[in-house]
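Student: One structure, as structure tokens, below. Some questions next.
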Amino acid sequence: MDPYDTGGMGGTPVMRNAMPNDKSDRVEYGFTAGKTLWVPGGWNAQKPELSFYEGTIWYRQYFDIEKVQQGKRYFIYVGAANYIATVSCNGKRLGKHEGGFTPFCYEITNCIRDNGNFVIIGVNNSRGADYIPSKVADWFNHGGITREVKVVEVPATFINNYFIALDKATLHDKTKKIDVALEISGAKRPDKARIVIPELKINQEVAVNATGAIKFTVSAKNLQLWSPENPKLYTVTIEAGDDRISDEIGFRTIETKGKQILLNGNPVFLKGICLHDENPLRGDRANSVDDAKLVLGWAKELGCNFIRLAHYPHQENIVRLADKMGILLWEEIPLYWGIQWGNPEVLKKAKAQFSELIYRDYNRASSIIWSIANETAPIPDRNRFLAELADYVRSIDPTRLLSAACKKDQELDGHPDSVYTYNDPIMEKLDIISLNEYLGWYGGLPNECRNKSFKMGLDKPVIVSEFGGGALQGLHGDSLTRWTEEFQDYLYKESIGMFDKIDGLAGMTPWILADFMSPLRQLPGIQDGWNRKGLISEKGFKKKAFYTLQRYYLSK
Ligand code: GCB
Numbered sequence: 027m028d029p030y031d032t033g034g035m036g037g038t039p040v041m042r043n044a045m046p047n048d049k050s051d052r053v054e055y056g057f058t059a060g061k062t063l064w065v066p067g068g069w070n071a072q073k074p075e076l077s078f079y080e081g082t083i084w085y086r087q088y089f090d091i092e093k094v095q096q097g098k099r100y101f102i103y104v105g106a107a108n109y110i111a112t113v114s115c116n117g118k119r120l121g122k123h124e125g126g127f128t129p130f131c132y133e134i135t136n137c138i139r140d141n142g143n144f145v146i147i148g149v150n151n152s153r154g155a156d157y158i159p160s161k162v163a164d165w166f167n168h169g170g171i172t173r174e175v176k177v178v179e180v181p182a183t184f185i186n187n188y189f190i191a192l193d194k195a196t197l198h199d200k201t202k203k204i205d206v207a208l209e210i211s212g213a214k215r216p217d218k219a220r221i222v223i224p225e226l227k228i229n230q231e232v233a234v235n236a237t238g239a240i241k242f243t244v245s246a247k248n249l250q251l252w253s254p255e256n257p258k259l260y261t262v263t264i265e266a267g268d269d270r271i272s273d274e275i276g277f278r279t280i281e282t283k284g285k286q287i288l289l290n291g292n293p294v295f296l297k298g299i300c301l302h303d304e305n306p307l308r309g310d311r312a313n314s315v316d317d318a319k320l321v322l323g324w325a326k327e328l329g330c331n332f333i334r335l336a337h338y339p340h341q342e343n344i345v346r347l348a349d350k351m352g353i354l355l356w357e358e359i360p361l362y363w364g365i366q367w368g369n370p371e372v373l374k375k376a377k378a379q380f381s382e383l384i385y386r387d388y389n390r391a392s393s394i395i396w397s398i399a400n401e402t403a404p405i406p407d408r409n410r411f412l413a414e415l416a417d418y419v420r421s422i423d424p425t426r427l428l429s430a431a432c433k434k435d436q437e438l439d440g441h442p443d444s445v446y447t448y449n450d451p452i453m454e455k456l457d458i459i460s461l462n463e464y465l466g467w468y469g470g471l472p473n474e475c476r477n478k479s480f481k482m483g484l485d486k487p488v489i490v491s492e493f494g495g496g497a498l499q500g501l502h503g504d505s506l507t508r509w510t511e512e513f514q515d516y517l518y519k520e521s522i523g524m525f526d527k528i529d530g531l532a533g534m535t536p537w538i539l540a541d542f543m544s545p546l547r548q549l550p551g552i553q554d555g556w557n558r559k560g561l562i563s564e565k566g567f568k569k570k571a572f573y574t575l576q577r578y579y580l581s582k
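The sequence shown begins at 27 in the working numbering and counts up one residue at a time.
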């Protein structure tokens, strides 16, 4: 532990992994007799003394390559470390990464040996005003290396990136086209690259140009489209020089037409639910396929075909599993309360986090929406920031839909109209208008939902991206008694009735599938550190409202 973030106790940098040379030598830290943390894993859930720790912890791990191959390149890959990670290998500082939920790599080719390598990573989860998220958020600040770390070996020239997607214009053609973009890195570029999709009898070679960035299309006959009903994935292999990558990829289109969302050209209603990237049973960040199976299993049982991965990038396992299970996804970065919109450095951070997310997931058919912000007030700095970010996101990935959870006009001036209106200027930039609305929980009682209606102004689909209320599982009473399952159930019934009437309603993601940890929620005996708006308790028991939403989804 390094609570003051000095990076070296007693004057010796921790990254050196120093050990006393003899009995008189002074080194004021030591890993060998130190404590062990599991990676991946948040540190707070692992040791009682770390429950609420915010600061730096240094991790050391030894690794062997066995035989470092001449002409190969090596990287350290970190799936996610919350929030700032300082990475070194064999005493050499490689860099500092900011952002707690997206993957990053550092090259270690020039500092490794066959055996006895050590990587030292300092992770600091302090909160900061110019961070994303900023200082206060309604979720737990799990610190540490929360996702997998790998040592990656690639040939000297390697496939650095690939983006493979169905060409929307050919959706209705018998022979469809698949757009392929490859990026090949390294000094000696091969002349040719190849893409192979055996099931579609595709085996096509293309010439590589001097820049290493190539775009081409391949024709696909009898292609089965990916959809929730038929989540068909194809094995796709790409070869370039000595490098070869295989992936499982689904092909579908997603677009909007007027107030509809079209999946493969057909209108789809998004029966969704919000989710935090936590395994509530363990009280830790989710970090495995099993964790993903738990929550996606619950969502399927609820009748969902859609999930909002709130409020930051979730583990990659869940996105890959959603591809296999046929669940559509909304993904976002934590542009949440209190962001410094006027600070150009913060915009840079937002772009970095978004690009790391998009490059990770843009080959996943399940992922259909990039959301650029949650509940942010439309002031000029914020409008400029989000407009630029929207253009940036589209410039990397023009194939997906953009949204943001917007505020109603009444939230700004507070007048209690019966018609809620939306005029946030950022809506012009979005494909889908999303709204969070807590009438009946924050302000008013559930029966007030009967007197409200919504007017959106634009000819675009609408998603209700949040609504809900808290209930302690097992606490019962009448429907006007707060925190009971009956109150939450009543709120769901009234809310669903209200939202179902929205002109252009294309889906909803109530808040939220399971209770989640939040230091903002301290009501003793009820919350005890948990936001209780889950439809399932942190122990895995379903509340009444789960079945109400399930019935509604069954009817849609
Ligand atoms: C919201 C936020 C979400 C909170 C939720 C709540 O509007 O987007 O992060 O957790 O309300 O429970 O109040």
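Positions of the beta carbon are idealized from the N, C-alpha and C atoms, including for glycine. All of these numbers come straight from a predicted model, not from anything done at the bench.
#1: Is any non-hydrogen atom of the ligand GCB found closer than 7 Å to the C-beta of residue 164, if you look at the structure I gave you?
#2: How is residue 230 classed by DSSP in three states: helix, strand or coil?
#3: In the structure shown, what three-state DSSP assignment does residue 65 receive?
#4: Beta carbon of residue 456, beta carbon of residue 430: below 8 Å?
#5: Indicate, with yes or no, if the ligand GCB has a heavy atom lying under 7 Å from the CB of residue 401.
#6: Which value, in whole angstroms, describes the spacing of the CA atoms of residue 131 and residue 536?
#7: Could you please give the first and the last residue of the uninterrupted alpha helix (DSSP H) stretch that includes residue 341?
#8: State the Cα-Cα distance for the pair residue 359 and residue 159, rounded to the nearest angstrom.
#9: Using a 10 Å radius around the Cβ and a threshold of 16 neighbouring Cβ atoms, would you call residue 277 buried or exposed?
#10: For residue 64, is the classification buried or exposed, using 16 other Cβ atoms within 10 angstroms of its Cβ as the cut-off for buried?
#11: Does DSSP put residue 171 in a helix, a strand or coil?
#12: Enumerate, from N- to C-terminal direction, the unbroken alpha helix (DSSP H) stretches of 4 or more residues contained entirely within the region 259–331.
#13: Could you pull out every unbroken beta strand (DSSP E) segment of at least 3 residues lying fully inside the region 374–401, listed in chain order?
#14: What are the start and end residues of each continuous alpha helix (DSSP H) run of 4 or more residues lying completely inside the region 431–482, in chain order?
#15: Identify every residue that forms a DSSP beta bridge with residue 115.
#16: Check for me: the alpha helix (DSSP H) holding residue 581 runs from which residue to which?
#17: Pick from 146, 326, 279: whose alpha carbon is nearest that of residue 197?
#18: Go through the region 483–567 residue by residue and report every complete run of the beta strand (DSSP E) that reaches 3 residues or more, in order.
#19: Beta carbon of residue 479, beta carbon of residue 422: below 8 Å?
#20: Can you list, in chain order, the residues of its chain with a C-beta nearer than 6 Å to that of residue 571? Leave out the 5 residues immediately preceding and following it.
#21: Measure the alpha-carbon distance for residue 66 versus residue 582 and round it to whole angstroms.
#22: Are there 16 or more other CB atoms within 10 angstroms of the CB of residue 476, so buried, or fewer, so exposed?
#23: With a threshold of 16 other CB atoms inside 10 Å of the CB of residue 123, please say whether the residue is buried or exposed.
#24: Whole angstroms are fine: how far does the CA of residue 355 sit from the CA of residue 443?
#25: Give the straight-line distance between the Cα atoms of residue 489 and residue 296, rounded to the nearest whole angstrom.
#26: Looking at residue 556 and the ligand GCB, is the gap between the Cβ and the nearest heavy atom below 7 Å?
#27: Does the distance from the CB of residue 211 to the CB of residue 248 come in under 8 Å?
#28: By DSSP, does residue 206 sit in helix, in strand, or in coil?
#29: Threshold first: 3 residues or longer. Then list the beta strand (DSSP E) segments lying entirely within the region 88–112, N to C.
#30: Tell me residue 191's beta-bridge partners as DSSP assigns them.
#31: Just reading off the alpha helix (DSSP H) that residue 413 is part of, what are its end residues?
#32: Taking the C-alpha atoms as reference points, what is the distance between residue 221 and residue 252?
#33: Are the beta-carbon atoms of residue 520 and residue 466 separated by less than 8 Å?
#34: Regarding residue 559 and the ligand GCB, is the C-beta to nearest heavy atom distance less than 7 Å?
#35: Does residue 40 come out as helix, strand or coil in the three-state DSSP assignment?
#36: Measure how close the beta-carbons of residue 94 and residue 138 come, nearest whole angstrom, since I'm counting them as under 8 Å.
Tutor: From the atom records:
#1: Along the sequence shown, read from residue 1 onward, the residue named residue 164 stands at position 138. Answer for residue 164: yes, Cβ within range of the ligand GCB.
#2: Within the sequence shown, residue 230 is the residue found at index 204, counting from 1. Strand at residue 230.
#3: Position 39 of the sequence shown, counting from 1, holds the residue named residue 65. Correct three-state label for residue 65: coil.
#4: Counted from its first residue, the sequence shown places residue 456 at position 430. Counted from its first residue, the sequence shown places residue 430 at position 404. Cβ distance < 8 Å, so residue 456 and residue 430 count as in contact.
#5: In the sequence shown, the residue the question calls residue 401 occupies position 375. Checking the Cβ of residue 401 against the ligand GCB gives yes.
#6: Residue 131 sits at position 105 when you count from the first residue of the sequence shown. Residue 536 sits at position 510 when you count from the first residue of the sequence shown. One C-alpha to the other measures close to 35 Å.
#7: Residue 341 sits at position 315 when you count from the first residue of the sequence shown. Careful: residue 341 lies outside any alpha helix (DSSP H) and carries neither H nor E.
#8: For the purposes of this step, residue 359 is taken as the residue at position 333 of the sequence shown. For the purposes of this step, residue 159 is taken as the residue at position 133 of the sequence shown. Their backbone Cα atoms lie some 8 Å apart in a straight line.
#9: Residue numbering aside, residue 277 sits at position 251 when the sequence shown is read from its first letter. By the 10 Å Cβ count, residue 277 comes out buried.
#10: The residue you call residue 64 lines up with position 38 of the sequence shown. Exposed is the call here.
#11: On the sequence shown, residue 171 is found 145 positions in, with the first residue counted as 1. It is a strand residue.
#12: 315–328
#13: 393–400
#14: 435–439
#15: Position 89 of the sequence shown, counted from the first residue, corresponds to residue 115. DSSP, once it has assigned bridges, lists 118, 145 as partnering residue 115.
#16: Residue mapping note: residue 581 aligns to position 555 of the sequence shown, counting from 1. Looking at the DSSP string, the run of the alpha helix (DSSP H) that includes residue 581 is 570–581.
#17: Within the sequence shown, residue 197 is the residue found at index 171, counting from 1. Considering only alpha carbons, the answer is 279.
#18: 488–492, 531–534
#19: For the purposes of this step, residue 479 is identified with residue 453 of the sequence shown, where counting begins at 1. For the purposes of this step, residue 422 is identified with residue 396 of the sequence shown, where counting begins at 1. No, they are not a contact pair.
#20: As a working note, residue 571 is residue 545 in the sequence shown. Here the set comprises 514, 515, 518, 561.
#21: By 1-based counting over the sequence shown, the position of residue 66 is 40. By 1-based counting over the sequence shown, the position of residue 582 is 556. Whole-angstrom Cα-Cα distance: 39 Å.
#22: Start at 1 with the first residue of the sequence shown, and residue 476 comes out as number 450. When all chains shown are included, residue 476 counts as exposed.
#23: Here residue 123 refers to the residue found at position 97 when the sequence shown is read from its first residue. Residue 123 is buried by the Cβ-count criterion.
#24: Along the sequence shown, one-based indexing puts residue 443 at 417. Along the sequence shown, one-based indexing puts residue 355 at 329. Cα to Cα, the separation comes out at about 33 Å.
#25: As a working note, residue 489 is residue 463 in the sequence shown. As a working note, residue 296 is residue 270 in the sequence shown. Going by the C-alpha atoms only, they are around 8 Å apart.
#26: Sequence index remark: in the sequence shown, residue 556 carries index 530 (1-based). No, since every heavy atom of the ligand GCB falls outside the 7 Å radius drawn around the Cβ of residue 556.
#27: Here residue 211 refers to the residue found at position 185 when the sequence shown is read from its first residue. Here residue 248 refers to the residue found at position 222 when the sequence shown is read from its first residue. Taking 8 Å as the Cβ cut-off, residue 211 and residue 248 do not qualify as a contacting pair.
#28: Locating residue 206 in the sequence shown gives position 180, counting from the first residue. The answer is strand: DSSP assigns residue 206 an E or B state.
#29: 98–104
#30: Locating residue 191 in the sequence shown gives position 165, counting from the first residue. Residue 191 is bridged to 205.
#31: The residue labelled residue 413 in the question sits at position 387 within the sequence shown. That run of the alpha helix (DSSP H) goes 406–422.
#32: Position 195 of the sequence shown, counting from 1, holds the residue named residue 221. Position 226 of the sequence shown, counting from 1, holds the residue named residue 252. C-alpha separation (whole angstroms): 20 Å.
#33: Against the sequence shown, residue 520 aligns to sequence position 494. Against the sequence shown, residue 466 aligns to sequence position 440. The answer is yes: Cβ separation under 8 Å.
#34: Numbered from its first residue, the sequence shown carries residue 559 at position 533. The answer is yes for residue 559.
#35: Residue numbering aside, residue 40 sits at position 14 when the sequence shown is read from its first letter. If DSSP states are grouped into helix, strand and coil, residue 40 belongs with the helices.
#36: Your numbering for residue 94 matches position 68 in the sequence shown. Your numbering for residue 138 matches position 112 in the sequence shown. With 8 Å as the limit, residue 94 and residue 138 qualify as a contact, their Cβ atoms being about 6 Å apart.
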